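Remarks on the structure that follows.
4 protein chains.
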Amino acid sequence: MPVNRSSSTNTPRPDRRRVRLRPQGEATRSKLLEAAVPVLARRGYHAARVDDVVRVAGVSHGTFYLYFANKEDLFRALARQCADEAAALAGALGPVPAGAEGQAALREWLVVFFAFYRRHGVVIRAWTENQVADRDLARLGVTSFGRVADALRSALTEGPHATPRQVELRAAALVALVERFAYLLTSRDLGFDDEVLIENLATFVHRGFFAAAPQRRRHSTRRPEANISCP
Amino acid sequence: MPVNRSSSTNTPRPDRRRVRLRPQGEATRSKLLEAAVPVLARRGYHAARVDDVVRVAGVSHGTFYLYFANKEDLFRALARQCADEAAALAGALGPVPAGAEGQAALREWLVVFFAFYRRHGVVIRAWTENQVADRDLARLGVTSFGRVADALRSALTEGPHATPRQVELRAAALVALVERFAYLLTSRDLGFDDEVLIENLATFVHRGFFAAAPQRRRHSTRRPEANISCP
Amino acid sequence: MPVNRSSSTNTPRPDRRRVRLRPQGEATRSKLLEAAVPVLARRGYHAARVDDVVRVAGVSHGTFYLYFANKEDLFRALARQCADEAAALAGALGPVPAGAEGQAALREWLVVFFAFYRRHGVVIRAWTENQVADRDLARLGVTSFGRVADALRSALTEGPHATPRQVELRAAALVALVERFAYLLTSRDLGFDDEVLIENLATFVHRGFFAAAPQRRRHSTRRPEANISCP
Amino acid sequence: MPVNRSSSTNTPRPDRRRVRLRPQGEATRSKLLEAAVPVLARRGYHAARVDDVVRVAGVSHGTFYLYFANKEDLFRALARQCADEAAALAGALGPVPAGAEGQAALREWLVVFFAFYRRHGVVIRAWTENQVADRDLARLGVTSFGRVADALRSALTEGPHATPRQVELRAAALVALVERFAYLLTSRDLGFDDEVLIENLATFVHRGFFAAAPQRRRHSTRRPEANISCP
DNA sequence: TATGAATGAGTGTTCATTCAT
DNA sequence: TATGAATGAACACTCATTCAT
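Just so you know, the sequences run in chain order P, U, Z and G.
FYI, in our numbering the residues of the first sequence are 392 to 622.
FYI, in our numbering the residues of the second sequence are 392 to 622.
FYI, in our numbering the residues of the third sequence are 392 to 622.
FYI, in our numbering the residues of the fourth sequence are 392 to 622.
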């Protein structure tokens, strides 16, 4: 397995890439970007081969290097897309009040998050698992994911006794939980229906993290089948 | 990875591995196993090079193949170790009652779990992320991790309205949460002190998952610094 | 020979070989095929190194694997060429009557056979000596060589008392004899001139195998130098 | 495949081999020699691994080098055994008169030859196919086989018009024929019964090569099933 | 803009041989 | 005399990248 010869500090090599792309070029570039997603998803970043991407995209081997300096550059482009969407995602989470409308808002956001994860899972995992050698790229990941964490943090109801530290940790726990569920949902079949899972997760997370103060449950009238009763 | 790329009916390869090992051989095998952990941790399974392992172990390249048929076989051995410890880990979690002693028990178990994760993180991640091509190996992972999830499940207080399905999902959430925190704790510096993190996580998880029924908090007298107040 | 030593269910290797070749590619492929002949002839199949083949062909190491999946695949390609020519060879042997024209026909065929052997000796020997592990390949050998044997068999004059079994055995003897002489002729210097050897062999074989019925020799008028008198 | 690092012109390296062997050592040496035969037969000289020999012999890896300087040395020892038996074999062929007793004598000798070939086939083939790099070893082969050819030659009835050259060629043909049949008989199943094959071959060869002068066959009374009628 | 061809450093694996016990 | 352990050069094969057309 030839080692990744192109590191973060690349010697500037003759870059044949066009700066401005005509429609056809843009289309090819998109095809490659599209093709990269399933390939990376299936094999992971390290094991993904340019050859696979190229075959899926239906272009020749050489064409790849017309649009990307190297494998990492492709990943960088994908990461930039991901970062953009992550910013949008962070912005999409408004206040999550304690009531039923808060839970609904949370559920909607989770739906968006899962869709986001379904597309960018590889990149996200490469970020969350330190697989990225490139400094700038890693920073981009931290920033992007941090933004989402920030959004969650500011949405979290800070209990009266919660220190910033505690809120931070709760936000981290929440991100971890949501990310991991997204991973499980998208990668392997958990045996749970998507709808049900999201509904339950929303309930669960809303109660556990966003409810202003837990009420003593007395007369539950919800269908017990479809939801997780928060303990 | 030069894969027995070869053909239909090749001459059988001989497997020179020792069956019974003397102390010296056993020591070398252990050295290799030990050496593999940091290498795999640093590079991941696919990118880990046998060369690195043997360099860390301080043995020659050929020696490796005296003890393992190939890279995957080394991984298999590591996985078996991991599976054994996972079984022990699952057995180590007794009942987690609702009170303070329950939280203490949970914290102790988390300490053990984190130590376990620190050693076997690579294997666990390879399992949880489907990086393992080998069927049996994957099954071993599912089994092992499932055992831990089972232990958690049976320790979970099943609320009056909780269906088995819900308990299952809660167990999954719990495993995901704990595993992810272990990952974060062991791989990158979260900026949290281990002790504090574990203490907080124990509190957090205990309240969220194991408390029989949440009481309306009124006058919290705990040091707010050291704990996360469960919402 | 790094054999797909690997394990149960490996990631499928991709086979980057070109399907349709342009003239340049076709030329390179031919170069490799050509180069393989002397290399295999000199070292035999097992000891032949890909490195030698590419050095002789004057291409890089990687190029080899652009056209052949592995060493065995190269051999397979060579074998297919050989099989094709063997079929032609079998077809080239018409009836071999008892007279002088029969002997001449036989001699011509021997010339062709020897040329055939000179090119495909390695493959043929690998076949006749069971060096081929691949089932299909071995079958191809049996078929090809069998075809030649069949041609000889049907050309053999079946004496009045010859059972099919006997004819079959005689054909086998004939093939063995001719093959072995071809081997001796092409591989080491027997000290005989090619022309003379072939002429003698033709005479010898014709008399021994194809003459309708041996006549009592009385007054031989042939030049004793150039021929073997059949006993 | 590590190349054969020990050539014909070996640098004299510390030879730990005992000069005089005690009974136990002699026994081990014999075990190795015995074990080498099937291993070489199955894999051929180049592909035979010391490891296989050692496993079959049931001794340790290091023990091998107590008795043989290297793989080639083992082969040399085997070759010397073969050469000795070849000499005996050559001596065993007395005159082969034209009559029935001549044919019987020939058959007996063929039986011995086939047994000889069954044991030493690998060595013989390595000789006849120039697989031996060592000069002296190759010469030993030529000598040994030549001795057998000489025996056949001197046994051949030299027809009135046969020049020495012709006799030589006939002897070569005879050796080639017999050797190849021995190979076919011992290595793969021809579908012929051994007994029948030898009987037929004896008849065939005797008529073709040793009969003083062929008589015009008129009233054959032989069972046509069991024999090949010489053409 | 696109392509098929070529490259070669890198990596996994084998196996003859040596060595310490 | 015997052994298990260790070695490392040699070899098969991969794949990111460059290039000529």
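All residues carry an ideal CB built from backbone N, CA and C; glycine is no exception.
Predicted, not measured: the structure shown is a model, and the values here were computed from it.
Please check if any C-beta of chain P sits within less than 7 Å of the C-beta of U:His-597. Counting from one through the second sequence, the residue named residue 597 of chain U turns up at place 206. No, its Cβ sits nowhere closer than 7 Å to a Cβ of chain P.
Ordered list of alpha helix (DSSP H) runs contained in the segment 507 to 550 of chain Z, each at least 4 residues: Taken in chain order, the whole alpha helix (DSSP H) runs of length 4 or more contained in the segment 507 to 550 of chain Z are 526 to 546.
Am I right that U:Val-566 and U:Leu-543 are in contact with their C-beta atoms under 8 Å? What's the rounded C-beta distance? Position 175 of the second sequence, counting from 1, holds the residue named residue 566 of chain U. Position 152 of the second sequence, counting from 1, holds the residue named residue 543 of chain U. Rounded, the Cβ-Cβ distance is 6 Å, consistent with contact.
Between the segment 413 to 421 of chain G and the segment 436 to 446 of chain G, are three or more C-beta pairs nearer than 8 Å? no
How about G:Val-487 and G:Ala-496: are their beta carbons less than 7 Å apart? In the fourth sequence, residue 487 of chain G corresponds to position 96, counting from 1. In the fourth sequence, residue 496 of chain G corresponds to position 105, counting from 1. Yes, they are a contact pair.
According to the Cβ coordinates, are G:Leu-412 and G:Arg-467 closer than 7 Å? Position 21 of the fourth sequence holds residue 412 of chain G. Position 76 of the fourth sequence holds residue 467 of chain G. No, these two residues do not count as a Cβ contact at 7 Å.
Among Z:Ala-438, Z:Glu-492 and Z:Gly-416, which has the Cα closest to the Cα of G:Gln-522? Position 131 of the fourth sequence, counting from 1, holds the residue named residue 522 of chain G. The shortest C-alpha separation from G:Gln-522 is found at Z:Ala-438.
Does any C-beta atom of chain G lie closer than 7 Å to the C-beta of Z:His-437? Position 46 of the third sequence holds residue 437 of chain Z. Closer than 7 Å: yes.
Taking the beta carbon of G:Asp-525 as the centre, do at least 16 other beta carbons fall within 10 Å, making it buried, or is it exposed? The residue labelled residue 525 of chain G in the question sits at position 134 within the fourth sequence. G:Asp-525 should be labelled buried.
Going by beta carbon distance, what residues of the same chain come within less than 6 Å of Z:Ala-540, once the five residues before and after it are set aside? If you number the third sequence from 1, residue 540 of chain Z lands on position 149. So the list reads Ala-562 and Val-566, once near-sequence residues are dropped.
CA-CA distance, P:Gly-507 and U:Pro-555? Here residue 507 of chain P corresponds to residue number 116 of the first sequence, with the count starting at 1. Here residue 555 of chain U corresponds to residue number 164 of the second sequence, with the count starting at 1. Sequence check: residue 507 of chain P is Phe here, not Gly. Taking the straight line from one Cα to the other gives about 30 Å.
Say whether chain U places a C-beta atom closer than 7 Å to the C-beta of P:Arg-510. For the purposes of this step, residue 510 of chain P is taken as residue 119 along the first sequence, with counting starting at 1. Chain U contact via Cβ: absent.
Residues of chain G with CB closer than 9 Å to the CB of Z:Phe-466, please, in chain order. Reading the third sequence from its first residue, position 75 is the one you call residue 466 of chain Z. Correct list: empty, because the minimum Cβ distance to chain G is about 14 Å.
To the nearest angstrom, how far is the alpha carbon of Z:Leu-560 from that of G:Phe-583? In the third sequence, counting from the first residue as 1, residue 560 of chain Z sits at position 169. In the fourth sequence, counting from the first residue as 1, residue 583 of chain G sits at position 192. For Z:Leu-560 and G:Phe-583, the distance between alpha carbons rounds to 9 Å.
When burial is assigned at 16 or more other CB atoms within 10 Å of the CB, is P:Arg-571 buried or exposed? Taking the first sequence and counting its residues from 1, the one referred to as residue 571 of chain P is at position 180. P:Arg-571 should be labelled buried.
What's the gap between the Cα of U:Ser-451 and the Cα of U:Gln-415? Reading the second sequence from its first residue, position 60 is the one you call residue 451 of chain U. Reading the second sequence from its first residue, position 24 is the one you call residue 415 of chain U. When rounded, the distance between both Cα atoms is 15 Å.
Assign U:Pro-414 to one of three DSSP states: helix, strand, or coil. Locating residue 414 of chain U in the second sequence gives position 23, counting from the first residue. U:Pro-414: helix per DSSP, three-state reduction.
Quick one: which residues of the segment 493 to 506 of chain G get their C-beta closer than 9 Å to a C-beta of chain Z? List them in chain order. none
Report the option in U:Gly-449, U:Glu-417 and U:Thr-534 whose CA atom is closest to the CA atom of U:Asp-475. Stepping through the second sequence from its first residue, residue 475 of chain U is reached at position 84. For the residues U:Gly-449, U:Glu-417 and U:Thr-534, the minimum Cα distance to U:Asp-475 belongs to U:Thr-534.
Run of the alpha helix (DSSP H) containing U:Ala-567, from where it starts to where it stops: To locate residue 567 of chain U, count along the second sequence from 1; it is residue 176. U:Ala-567 -> alpha helix (DSSP H) spans 555 to 578.
For chain G, find out if any of its Cβ atoms is closer than 7 Å to the Cβ of Z:Ala-567; answer yes or no. Along the third sequence, read from residue 1 onward, the residue named residue 567 of chain Z stands at position 176. Yes, Z:Ala-567 counts as interfacial toward chain G.
Would you mind working out which of G:Val-587, G:Leu-592, G:His-511 and G:Arg-538 sits nearest Z:Ala-564, comparing C-alpha positions? Along the third sequence, read from residue 1 onward, the residue named residue 564 of chain Z stands at position 173. The shortest Cα separation from Z:Ala-564 among G:Val-587, G:Leu-592, G:His-511 and G:Arg-538 belongs to G:Leu-592.
N- and C-terminal bounds of the alpha helix (DSSP H) containing P:Val-447: Looking up residue 447 of chain P in the first sequence gives position 56. That run of the alpha helix (DSSP H) goes 441 to 448.
Name the chain Z residues whose beta carbon is nearer than 8 Å to that of G:Gln-522? The residue you call residue 522 of chain G lines up with position 131 of the fourth sequence. What G:Gln-522 touches in chain Z: Gly-435.
Quick check: the Cα distance between U:Leu-501 and U:Arg-516, rounded to an integer number of angstroms? By 1-based counting over the second sequence, the position of residue 501 of chain U is 110. By 1-based counting over the second sequence, the position of residue 516 of chain U is 125. In this model, U:Leu-501 and U:Arg-516 are separated by some 18 Å (Cα to Cα).
Helix, strand or coil at P:Phe-504 according to DSSP, with G and I counted as helix: Residue 504 of chain P sits at position 113 when you count from the first residue of the first sequence. Three-state DSSP puts P:Phe-504 in a helix.
Given a cut-off of 7 Å, decide if Z:Arg-538 and Z:Ala-478 are closer than it, judged by their beta-carbon atoms. To locate residue 478 of chain Z, count along the third sequence from 1; it is residue 87. To locate residue 538 of chain Z, count along the third sequence from 1; it is residue 147. Result yes, Cβ atoms of Z:Ala-478 and Z:Arg-538 sit closer than 7 Å.
Can you say whether Z:Arg-598 is buried or exposed, counting buried as having 16 or more other CB atoms within 10 angstroms of its CB? Stepping through the third sequence from its first residue, residue 598 of chain Z is reached at position 207. Per the 10 Å Cβ criterion, buried.
Status (buried if at least 16 other CB within 10 Å, exposed otherwise) for Z:Gly-482: Taking the first residue of the third sequence as 1, we reach residue 482 of chain Z at position 91. Counting Cβ neighbours within 10 Å, Z:Gly-482 comes out exposed, since fewer than 16 surround it.
Amino acids of chain U, ordered along the chain, whose beta-carbon sits closer than 9 Å to that of P:Leu-575: Counting from one through the first sequence, the residue named residue 575 of chain P turns up at place 184. Ordered by position in chain U, the residues that pass the 9 Å Cβ test against P:Leu-575 are Thr-519, Ala-563 and Ala-567.
Consult DSSP for U:Arg-409 and reduce its assignment to one of helix, strand or coil. For the purposes of this step, residue 409 of chain U is taken as residue 18 along the second sequence, with counting starting at 1. It is coil, neither helix nor strand.
The alpha helix (DSSP H) enclosing Z:Phe-595, as first and last residue numbers: Position 204 of the third sequence holds residue 595 of chain Z. Segment 585 to 596, the alpha helix (DSSP H) holding Z:Phe-595.
How far does the alpha helix (DSSP H) with G:Gly-482 in it reach, from first residue to last? Position 91 of the fourth sequence, counted from the first residue, corresponds to residue 482 of chain G. Run containing G:Gly-482: 462 to 483, per the alpha helix (DSSP H) assignment.
When you compare only the Cα positions, how much space is there between G:Leu-457 and G:Gly-449? Walking along the fourth sequence from the start, residue 457 of chain G turns up at place 66. Walking along the fourth sequence from the start, residue 449 of chain G turns up at place 58. Their Cα atoms are separated by approximately 14 Å.
Here's the rule: buried if 16 or more other CB atoms are within 10 angstroms of the residue's CB, otherwise exposed. What is Z:Val-410? Position 19 of the third sequence, counted from the first residue, corresponds to residue 410 of chain Z. Looking at its Cβ environment, which holds fewer than 16 other Cβ atoms inside 10 Å, Z:Val-410 is exposed.
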